[in-house]
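Quick mapping for you: the protein sequence lines, in order, are chains G and D.
Using the working numbering, the first residue of the first sequence is number 9, and each one after it goes up by one.
Using the working numbering, the first residue of the second sequence is number 2, and each one after it goes up by one.
The C-beta atom is built at its ideal place from N, Cα and C for all residues, glycine as well.
Below: one structure, written as structure tokens.
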Amino acid sequence: MTAAQIRFATLWRRECNRFLKIKKQTIGAPMLETFLYITIFGAALGSRIKHLHGIDYVLFVIPGLIMMAFSTNAFSNNSSSILQQKFQGAIQDQLSSPASPLELLLAFSLGGFMRGLTVAVLTFVVSVILVGLPVEHVLVLVPSLFLVGFFFSQLGVLIGVRAEQFDDVAFAQTFVLQPLIFLGGVFYSAALLPQPWETLTRFDPIFYMINLVRYGFVGFTEVSIALSLLALTAATTALFLFNLRLFSRGYRLRA
Amino acid sequence: MARVAPGMKALDITDLEKRYPTGVEALRGVSLEIEEGEFFGLLGPNGAGKSTLIHCTTGLAQPTGGSIEIFGADAIGNYADARQAVGLAPQEPNVDWFLTVEETLDYHAGYFGMPRSERRQRTKELLETFSLTEKRDERTRTLSGGMKRRLILARAVMHRPRLLILDEPTAGVDVELRLELWHYVQKINQEGTTILLTTHYLEEAEQLCDRIAFIADGQIVAEGTSPELAARFDVPNLEDAYLALVGRKELSRSHIELTADEVEA
């Protein structure tokens with residue numbers, strides 16, 4: 009391995025090691041939360057609703073829950089990790105190393121990505137075993153999940169870099185991210201909503217992400233897949249480039 | 002003291018400026034040269050600009066003017082080569098709470114591109130040198146202040162830097178540990194590592210440093226050996242030179258002793 013490869017692998021390992029050391033909190037708790045949602049919305053409500061757009065309600069809900077688990081874990085991991093390291097001053101050890109802004113950004117991003125992916129994959133495996141969750145369009149599902157995970161990893165990095173106290177991270181998660189996810193159609197179809205809510209839902213970017221993932225799993229969508237993939241790719245790229253610029257300038261990282 | 006071989010500059014700072022977004026001018030045209038192998042002291046009152054200068058040198062702060070070269074590499078433009086050559090033991094023990102003592106050293110070396118087999122060997126060596134072997138699996142947050150200091154210094158030298166920067170490394174440590182740390186630092190200085198030290202313990206600076214610079218209000222105001230600085234301020238020793246610099250001559254021990262003698266008479 010070259011020195012640059014060792015450097016990047018170590019930075020990445022540090023991020024993964026961090027969440028694995030507290031896996032009850034970083035893996036266990038989100039898994040429990042996801043399965044509580046499946047139980048409440050899938051089993052309890054599902055016994056009344058039965059089908060939505062011809063799909064078992066539990067199968068309709070699970071793709072959104074997988075997407076939600078991936079996104080919230082990727083986001084919260086990165087925002088917390090960066091803020092904690094800033095708070096402790098430990099980030100100085102990485103910032104004073106020869107690592108480039110790109111290496112630092114990618115390593116911070118991939119820590120959250122790996123945590124989100126771990127929770128999402130575990131949820132998927134259990135869902136396949138328990139309720140036979142299908143995968144209808146793997147070529148849409150894989151890039152969609154990758155982009156969703158990477159987008160929220162970047163968002164977590166952005167909030168972590170900007171945050172000056174833990175309240176800043178909690179605010180972004182509780183008052184921005186959670187409402188957008190819940191109102192993006194995880195548990196329902198936008199077509200069932202009265203106006204103006206149906207139209208308003210279409211202004212929620214997460215609505216398109218949920219539909220991409222849902223299409224990948226069960227083959228149902230309320231939006232154009234090609235356009236959504238294109239928009240998500242553009243948004244993820246833009247956010248990544250914005251973060252790279254912040255890291256290059258040392259924004260709130262270097263004095 | 003190490004023998005200083007003139008020639009290669011370990012650190013070459015020219016007209017360095019740092020203005021914070023708040024408008025505070027922490028550094029106002031600092032120029033400083035440290036020869037390879039030198040043990041150099043940077044002294045000054047709190048808020049004089051010592052830590053800002055160190056942060057600019059190590060990439061933790063971004064200068065707003067001037068240049069920094071570390072062993073000929075531009076620390077701002079070609080920062081990778083420059084940072085590879087520097088080890089920093091900061092004023093505050095900034096250890097990562099999630100890591101164990103051993104991981105702290107291993108990860109640091111990884112950030113500097115050291116291969117795994119070399120990291121293992123070097124970690125073992127430094128754990129023994131700094132009496133940390135028994136603590137190797139403990140999380141850093143459980144360490145005492147003294148142990149954290151040992152770890153910070155071990156981490157700073159882990160990647161074998163050619164320039165070691167020590168920002169008040171003995172602040173708040175007991176006499177025994179202070180002597181241990183200085184023995185180690187003197188040893189690696191004699192082996193060729195250049196040292197830049199900031200401290201408020203003037204007797205340490207006087208004993209350890211080949212040359213010393215006084216920094217005040219973001220500017221280097223005097224530079225030389227300890228006797229040269231004393232002569233410059235027309236006082237008997239470094240401490241009095243420092244007191245003259247900060248405008249507190251009345252605190253001089255010789256002044257206090259003289260006053261006591263006068264009282265007795």
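Proximity of residue i and residue j at Cβ, strictly below 9 angstroms
i, j, result
"lysine 136 of chain D", "valine 102 of chain D", "yes"
"lysine 19 of chain D", "alanine 62 of chain D", "yes"
"proline 237 of chain D", "alanine 231 of chain D", "yes"
"lysine 51 of chain D", "aspartate 168 of chain D", "yes"
"valine 231 of chain G", "serine 152 of chain G", "no"
"proline 213 of chain G", "leucine 235 of chain G", "no"
"arginine 260 of chain G", "valine 184 of chain G", "no"
"isoleucine 70 of chain G", "phenylalanine 225 of chain G", "yes"
"alanine 107 of chain G", "valine 96 of chain D", "no"
"threonine 23 of chain D", "isoleucine 166 of chain D", "no"
"valine 177 of chain G", "glycine 50 of chain G", "no"
"isoleucine 74 of chain G", "alanine 128 of chain G", "yes"
"aspartate 241 of chain D", "serine 255 of chain D", "yes"
"leucine 209 of chain D", "isoleucine 221 of chain D", "no"
"valine 176 of chain D", "glycine 146 of chain D", "no"
"methionine 115 of chain D", "alanine 11 of chain G", "yes"
"aspartate 175 of chain G", "tyrosine 108 of chain D", "no"
"glycine 219 of chain D", "leucine 28 of chain D", "yes"
"arginine 21 of chain G", "serine 89 of chain G", "no"
"threonine 105 of chain D", "serine 68 of chain D", "no"
"aspartate 154 of chain D", "phenylalanine 131 of chain D", "Checking the sequence shown, residue 154 of chain D turns out to be leucine, not aspartate. For leucine 154 of chain D and phenylalanine 131 of chain D, yes; Cβs fall inside 9 angstroms."
"tyrosine 4 of chain G", "histidine 145 of chain G", "Summary: the structure shown does not reach residue 4 of chain G, with chain G confined to residues 9 through 263, and so no result is reported for it."
"threonine 53 of chain D", "tryptophan 98 of chain D", "no"
"leucine 91 of chain G", "alanine 171 of chain G", "yes"
"isoleucine 46 of chain G", "valine 66 of chain G", "yes"
Residue-chain proximity (residue i, chain G), Cβ-Cβ < 9 angstroms
i, result
"valine 102 of chain D", "no"
"phenylalanine 99 of chain D", "yes"
"methionine 115 of chain D", "yes"
"tyrosine 185 of chain D", "no"
"arginine 4 of chain D", "Note on arginine 4 of chain D: pLDDT 44, under 50, position unreliable in the model; the coordinate value appears next. Cβ-Cβ to chain G under 9 angstroms: no for arginine 4 of chain D."
"glycine 219 of chain D", "no"
"arginine 29 of chain D", "no"
"histidine 109 of chain D", "yes"
"arginine 156 of chain D", "yes"
"tyrosine 21 of chain D", "yes"
"glutamate 112 of chain D", "It should be noted that the sequence gives tyrosine, not glutamate, for residue 112 of chain D. Interface residue, yes."
Min CB distance residue i to chain C below 9 angstroms
i, result
"threonine 124 of chain D", "No chain C is part of this structure, whose protein chains are labelled G and D."
Cutoff 9 angstroms: residue i Cβ touching any chain D Cβ
i, result
"serine 117 of chain G", "no"
"arginine 170 of chain G", "no"
"glutamine 80 of chain G", "It is worth fixing the name first, because residue 80 of chain G is threonine in this sequence and not glutamine. No, its Cβ sits nowhere closer than 9 angstroms to a Cβ of chain D."
"leucine 208 of chain G", "no"
"arginine 21 of chain G", "yes"
"glycine 164 of chain G", "no"
"glutamine 92 of chain G", "yes"
"arginine 253 of chain G", "no"
"alanine 37 of chain G", "no"
"threonine 126 of chain G", "no"
"glutamine 173 of chain G", "no"
"glycine 120 of chain G", "no"
"arginine 123 of chain G", "no"
"methionine 76 of chain G", "no"
"alanine 12 of chain G", "yes"
"arginine 222 of chain G", "no"
"alanine 98 of chain G", "yes"
"threonine 131 of chain G", "no"
"alanine 18 of chain G", "Note that residue 18 of chain G is threonine in the sequence shown, not alanine. Chain D, which has a Cβ nearer than 9 angstroms to the Cβ of threonine 18 of chain G, makes this yes."
Near the ligand PLP: residue i beta-carbon under 8 angstroms from a heavy atom
i, result
"proline 142 of chain G", "Ligands are entirely absent from the displayed structure, and the ligand PLP is therefore not among its contents."
Between the stretch 24-35 of chain G and chain D, which residues of the former have a C-beta closer than 7 angstroms to a C-beta of the latter?
Within the stretch 24-35 of chain G, contact with chain D at the beta-carbon level (separation under 7 angstroms) is assigned to Arg26, Lys29.
Tell me, please, whether the stretch 42-54 of chain D touches the stretch 212-219 of chain D by the rule of three or more beta-carbon pairs shorter than 8 angstroms.
Taking 8 angstroms as the limit for Cβ pairs, the verdict is that the stretch 212-219 of chain D does touch the stretch 42-54 of chain D.
Is there contact between the stretch 162-177 of chain G and the stretch 107-125 of chain G, where contact requires at least three CB pairs shorter than 8 angstroms?
With a cut-off of 8 angstroms, the stretch 107-125 of chain G and the stretch 162-177 of chain G count as touching, because enough Cβ pairs lie within range.
Which of the residues in the stretch 45-74 of chain D, read from start to end, lie with their CB under 7 angstroms from any CB of chain G?
Result list: His56, Thr59, Gly60, Leu61, Ala62, Gln63.
For the stretch 80-95 of chain D, which residues have a CB atom closer than 8 angstroms to at least one CB atom of chain G, in sequence order?
Listed in sequence order: Tyr80, Ala81, Asp82, Arg84, Gln85, Val87, Leu89, Pro91, Glu93, Asn95.
For a minimum of 3 consecutive residues, which ranges assigned as the beta strand (DSSP E) are wholly contained in the stretch 102-169 of chain D?
Segments of the beta strand (DSSP E) lying fully in the stretch 102-169 of chain D: 164-168.
Give the list of continuous alpha helix (DSSP H) stretches no shorter than 4 residues that lie fully inside the stretch 193-264 of chain D.
Qualifying alpha helix (DSSP H) stretches, in chain order: 203-209, 227-233, 239-246.
Where the stretch 100-111 of chain G meets chain D: residues whose CB sits under 8 angstroms from a CB there:
Only Gln100, Asp101, Gln102, Leu103, Ser104, Ser105, Pro106, Ala107, Ser108 from the stretch 100-111 of chain G bring a Cβ to less than 8 angstroms from some Cβ of chain D.
Mind listing which residues of the stretch 42-74 of chain G have their C-beta closer than 7 angstroms to chain D's C-betas, in chain order?
Close to chain D, meaning a Cβ-Cβ distance shorter than 7 angstroms, is no residue of the stretch 42-74 of chain G at all.
Meets three-Cβ-pair contact criterion under 8 angstroms: the stretch 152-164 of chain D and the stretch 79-94 of chain D
They touch, by the three-pair rule.
Can you check the stretch 195-255 of chain G for any beta strand (DSSP E) of at least 3 residues that lies completely inside it and give the ranges in chain order?
At a cut-off of 3 residues, not a single continuous stretch assigned as beta strand (DSSP E) sits fully inside the stretch 195-255 of chain G.
Members of the stretch 237-261 of chain G that neighbour chain D once the beta carbon cut-off is set at 7 angstroms:
Cβ contacts with chain D: Gly258.
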